Amino acid sequence: MGYQIEAYLDNGKPTLKIYDIKRQALCLSWTYAKSLDATASECEVHRLFRELLLLTCKQDMHNIRVFNLSPPQRDNQTSQTVFLS
């Protein structure tokens, strides 16, 4: 999965857009909501990192493969499904 990343200033506000190249879709769009309050600025940075983390998790979910594995022949256990990335 490839991404196109656009980072620029929009009227002085930092802006980030990330596109999924394969699907040709916008995955993340973030514009800094400028504030004089230091706490609000920190919240904006947290919001950006939360969105980036969610995008990473979403990518990992697309990469999961499912394997049905048979356990050793003990106690007549049924097969297990194991998720690997």
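Following my numbering, the residues of the sequence shown are numbered contiguously, the last one being 846. Ideal Cβ placement from N, Cα and C applies to all residues, glycine included. Note that the coordinates shown come from a computational prediction; the quantities given were computed from them, not determined experimentally.
Unbroken beta strand (DSSP E) run spanning residue i, endpoints
| i | result |
| --- | --- |
| TYR769 | 764-771 |
| LYS778 | 774-781 |
| SER790 | 786-792 |
Expected contact under 8 Å - CB spacing of residue i and residue j to nearest Å
| i | j | result |
| --- | --- | --- |
| LYS774 | SER790 | No, LYS774 and SER790 are not in contact; Cβ-Cβ is about 13 Å, not under 8 Å. |
| TYR793 | GLU805 | 6 Å |
Local Cβ density within 10 Å of residue i, reported as buried at 16 or more and exposed below that
| i | result |
| --- | --- |
| ASP771 | exposed |
| GLY763 | exposed |
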